[in-house]
Structure formats: structure tokens, C-alpha cells
Amino acid sequence: MNFPRAMPLLCIGLAATLEGCAGHGAYTGDFKEKAQARMAGIKSATTWDLAHQQFEAGDLEHALKNVDQSILLNPQIARSHLLRARILIELGRLEPALESIERALDLDPDNAENHYYHAIVLERFDQPSEAFDAYRRAADLDPSNSQYIVAAAEMLIEMDRLDEASALLEGVRNESRYSSGIRQTLGHIAMMEGDPARAVSLFAEACVLSPDDPSLVEDLARAQLAGGDFADADRSLQRLRALPEYKDRRDLMHTHARCLLELDRPVEARAILTQLTDSPEGRSDIEAWVQLAECAVILEDDRALQSAASRLLALAPQRYEGYLFLAVAQRREGRLDDAVASLDRAIARAPGNALPPRLQGMIYHQLGRTEDARRALALAAAADPSDTATTRLLDRLSENR
22 MNFPRAMPLL
32 CIGLAATLEG
42 CAGHGAYTGD
52 FKEKAQARMA
62 GIKSATTWDL
72 AHQQFEAGDL
82 EHALKNVDQS
92 ILLNPQIARS
102 HLLRARILIE
112 LGRLEPALES
122 IERALDLDPD
132 NAENHYYHAI
142 VLERFDQPSE
152 AFDAYRRAAD
162 LDPSNSQYIV
172 AAAEMLIEMD
182 RLDEASALLE
192 GVRNESRYSS
202 GIRQTLGHIA
212 MMEGDPARAV
222 SLFAEACVLS
232 PDDPSLVEDL
242 ARAQLAGGDF
252 ADADRSLQRL
262 RALPEYKDRR
272 DLMHTHARCL
282 LELDRPVEAR
292 AILTQLTDSP
302 EGRSDIEAWV
312 QLAECAVILE
322 DDRALQSAAS
332 RLLALAPQRY
342 EGYLFLAVAQ
352 RREGRLDDAV
362 ASLDRAIARA
372 PGNALPPRLQ
382 GMIYHQLGRT
392 EDARRALALA
402 AAADPSDTAT
412 TRLLDRLSEN
422 R
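The number in the working numbering is simply the position in the sequence shown, starting from 1, with 21 added.
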């Protein structure tokens with residue numbers, strides 16, 4: 022059967038059908054690709070979340086494995102490369118960390134965190150100038166985060182550019198009125214510049230802003246000690262040492278004992294020092310034994326003085342303190358010639374220290390050996406010209422020649 026009139030219409034219909042099929046196939050492929058991309062994005066985000074949780078929990082190896090998987094699923098996400106860099110920093114693998122953070126910066130150059138962690142890696146590579154630039158860029162991108170500007174200032178401090186560091190922080194101090202970190206760092210600069218009074222003011226402000234941060238109280242106590250505010254330092258140290266994690270810190274116990282000695286409270290100082298020296302570690306703690314000997318001198322505890330002097334001679338025969346305290350004990354026993362001999366040893370071990378020749382000069386004076394007394398006191402006066410008592414005694418001896 023012939024269908025001459027139907028053939029053209031049939032051909033047109035067939036062509037339309039074929040064209041429609043072709044179009045539907047392209048649409049289906051495109052839809053499939055987009056669906057796969059969406060699924061990869063979801064998997065990437067889920068894997069990133071898991072990696073981030075593991076990182077926060079300290080499970081670094083599994084965190085690295087999962088963030089690598091996240092990047093494999095979607096390599097165009099900057100935060101994945103940033104997280105990878107942070108994990109590698111914690112693992113001490115700085116070169117691959119630098120590669121990851123540079124990739125994060127390529128993908129998102131206006132993210133402050135990327136610049137901040139870039140700076141951390143540069144700092145670890147001992148590149149303070151480049152690290153400063155990166156920290157400063159982070160601060161410019163996110164001025165609300167004072168951590169960034171403080172880190173930039175710390176790089177200037179490391180490069181011994183204290184004036185610039187101070188100016189940088191003072192420039193944002195009023196705008197960051199609630200930032201304890203800015204005031205703490207300014208306090209550190211003040212201490213480096215020999216201005217403990219200003220440091221005390223800054224650390225006190227920081228303590229008000231962050232009352233639960235014990236590091237600020239510690240900084241305040243050390244500044245108070247440096248400025249001679251011993252009563253305030255004692256209060257700060259008591260507050261600090263009331264915290265369980267600070268109570269038995271040996272350096273703070275040393276500092277507190279020294280503070281109590283300055284306040285003429287040797288009995289309390291001795292209690293702390295005895296606690297230090299009674300521990301296994303304290304048996305070789307030279308500074309604790311020196312302070313314990315000082316307490317014994319003040320309290321006129323000859324037995325404790327002899328014990329401390331003997332311990333110092335056994336621990337550090339190359340240092341002068343053991344011979345100095347031995348001489349004090351010998352003088353109290355009336356063994357003046359032995360005390361002079363012990364002080365000769367002390368002077369030989371600390372030729373620039375005024376204490377041994379000063380004591381020796383006084384003992385020579387007791388013995389009636391005026392010329393020897395003058396010679397010893399002249400050594401003491403040369404070592405410490407500010408000691409007016411020694412200078413006056415030396416002048417009297419010179420007048421009586």
C-alpha cells in the first residue's frame with residue numbers, strides 16, 4: 022500500500038520525535054551531573070564536619086584522613102584546605118601545612134582566618150616580618166577580632182620594634198575597649214621598657230575585663246613585685262595560688278617566698294621554702310636553699326643556717342652563696358678567722374658581688390685588722406657604689422688611718 026501524501030508528515034513526525042529524544046538525553050545527563058555534584062558536596066560537607074570534630078577532640082590522624090577525603094570530594098572549598106593546614110600545624114608538618122594554607126588563600130583571599138594561620142606557619146618558619154604582614158592583613162580584614170592585632174604586635178616585639186608595637190596597639194585600644202589581650206600585651210611592653218607602674222595599671226585593667234584569666238593575675242603580680250608593691254603582689258599571689266592548678270607551681274612558690282621576705286614575714290616565707298626543699302625535686306633546688314638560708318639568718322636559726330649552707334656547698338660548690346652563708350654561721354660561732362677564709366672563697370667565685378667583701382670588711386674590722394677591712398670594703402663599694410653604709414664605714418676607716 023502506498024501513502025504518498027502521508028510520507029512527508031510521517032518523516033516530519035519521526036524527525037521531531039528523534040529531536041525530542043536527543044534533547045531529553047542531554048537534559049538527563051546534565052541533571053545527573055548536577056545531582057552527583059550536589060551529592061559530592063553533601064558528602065564533602067559531612068566528612069568535613071567529622072574531620073572538624075576529630076580535630077577538636079585531638080584525634081589528628083583521623084581528622085587528617087577525613088579532611089583529605091573531603092577535599093577529594095570537593096577541592097574548591099577553602100575551609101577544607103584551612104582545616105587541613107591547622108591539623109598539619111598541630112602535627113608539626115609545616116611544609117604541607119604551608120601548601121594547604123596557600124591553597125586556601127587562593128580560593129578565599131579575603132578570609133581573615135586564612136591569613137592568620139598563614140602567619141602562624143610563617144612564624145614557625147622563623148619569618149617574623151612576613152608573619153607580621155599576614156597577621157596585620159588578618160586584622161585589617163576582621164578588626165573586631167583583637168587576637169589578630171595582638172599577634173601582629175607580638176611579631177613587632179619579637180623583632181625588637183617595641184615603639185611600633187605599642188603604637189599599633191594604642192591605635193586600637195579605645196576601639197577595642199573590652200579586649201584584655203591588647204592591655205596585657207601593652208603591659209608586657211611596659212615591663213620590657215622598665216616601667217612596672219604602667220604595667221601594673223594595664224594588667225589591672227586586663228584583670229577587670231577578664232577576671233577569670235589567671236595568666237593576667239600572674240602578670241599583675243610580677244609587675245607589682247618589679248615595682249616594689251609587695252603587699253599588693255602578696256594579695257595577687259595568694260589569689261593565684263588559691264587555684265588548684267597554680268597552688269604547687271614551684272616558680273610561683275619561689276616568687277611568693279621572696280615577696281614575703283620583702284614584707285619582713287620570714288616565718289611564712291620559710292613555710293613555703295620548706296615545702297619546696299622537702300620534695301624530691303627540691304633537694305636540688307639551689308634557689309630555694311638560698312632563700313631558706315636567708316630566712317635562717319633573719320630568724321637567727323643557726324642550725325637551719327648551717328644545714329642550708331652545707332646543702333648549698335654540696336649542690337653548687339662553684340657558686341658563692343654556700344661560702345657566704347657558711348661564713349655567717351662561723352661568725353655567729355665566734356670563728357672569725359674561719360669566716361674570713363670562707364669569704365675569700367666566696368669572693369673568688371663572685372668577684373663582682375658586693376655582699377662577700379662587705380661582710381669580710383666588717384669581720385676584719387671586728388678583728389682590728391683595719392687595712393684588710395679597708396681593702397675588703399673598697400671592693401664592696403666598687404661593686405655597689407649605691408651602698409652608702411659601706412661608703413661611710415670606708416670613709417671612717419680612712420680618716421682613722
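C-beta: ideal position from N, C-alpha, C; glycine also.
- In this model, Asp-272 and Leu-297 are separated by some 10 Å (Cα to Cα).
- Asn-135 counts as buried, since at least 16 other C-beta atoms from the protein chains shown sit within 10 angstroms of its C-beta.
- Boundaries cannot be given for Phe-146, as no alpha helix (DSSP H) includes it and DSSP labels it neither H nor E.
- Assignment of Leu-241 by DSSP, reduced to helix, strand and coil, places it in the helix class.
- In the three-state reduction of the DSSP assignment, Glu-392 falls in the helix class, which pools H, G and I.
- Shown here, Met-180 sits in coil according to DSSP, grouped into three states, outside any helix or strand.
- Where Gly-202 is concerned, the enclosing alpha helix (DSSP H) starts and stops at 201-213.
- Secondary structure at Ser-231: coil, using DSSP grouped into helix, strand and coil.
- The C-beta distance from Asn-95 to Ser-121 rounds to 15 Å, too long to fall under 8 Å, and the pair is not in contact.
- With a cutoff of 8 Å on beta-carbon distance, Tyr-169 and Ala-225 are scored as not near each other.
- Runs of the alpha helix (DSSP H) lying entirely within the stretch 239-286 and spanning at least 4 residues, in chain order: 251-262, 265-268, 271-283.
- In this model, Glu-116 and Arg-107 are separated by some 12 Å (Cα to Cα).
- Beyond the five residues adjoining it in sequence on each side, Glu-196 comes within less than 8 Å, by CB distance, of Pro-164 in the same chain, given in chain order.
- Three or more beta-carbon pairs separated by less than 8 Å link the stretch 344-358 to the stretch 316-323, which places the two stretches in contact.
- Burial state of Phe-76 is buried, judged by a 10 Å Cβ sphere holding 16 or more other Cβ atoms.
- Ile-210 has its alpha-carbon roughly 9 Å from the corresponding atom of Asp-216.
- Around the Cβ of Tyr-199, a 10 Å sphere holds fewer than 16 other Cβ atoms; the residue is exposed.
- For the pair of segments examined, the stretch 263-272 was found not to touch the stretch 280-289: the number of CB pairs separated by less than 8 Å stays below three.
- Shortest Cα-Cα distance from His-277 to any of Ala-160, Leu-93, Leu-313 involves Leu-313.
- Its chain contains His-102 as the residues whose beta carbon lies nearer than 7 Å to that of Arg-124, once the 5 sequence neighbours on both sides are disregarded; these appear in chain order.
- Leu-223 is positioned such that its CB atom lies no closer than 8 Å to that of Leu-246.
- Trp-310 is positioned such that its CB atom lies no closer than 8 Å to that of Ala-325.
- Short of 8 Å from the beta carbon of Leu-230, and not among the five residues preceding or following it, lie these beta carbons of its own chain, in chain order: Tyr-199, Ser-200, Ser-201, Arg-204.
- Cβ-Cβ distances below 7 Å link Leu-162 to Asp-131, Ala-133, His-136 in the same chain, with the five nearest sequence neighbours on each side left out; the list follows chain order.
- Bounds of any alpha helix (DSSP H) do not take in Arg-356, whose DSSP letter is neither H nor E.
- Taking a 10 Å sphere around the C-beta of Asp-255, we find 16 or more other C-beta atoms and assign the residue as buried.
- One alpha carbon belongs to Ala-99, the other to Thr-295, and they sit about 57 Å apart.
- Only buried fits Ser-167, as 16 or more other CB atoms lie within 10 angstroms of its CB.
- As the crow flies, the alpha-carbon of Gln-339 is around 26 Å from that of Asp-408.
- In the structure shown, Asp-131 adopts coil according to DSSP, grouped into three states.
- Using a 10 angstroms sphere on the CB of Arg-262, the tally of other CB atoms reaches 16 or more, which defines it as buried.
- Here the C-alpha atom of Arg-194 lies approximately 56 Å from the C-alpha atom of Arg-396.
- Distances from the alpha-carbon of Arg-158 to those of Leu-126, Asp-250, Ala-362 put Leu-126 closest.
- In this chain, the alpha helix (DSSP H) harbouring Leu-336 covers 323-336.
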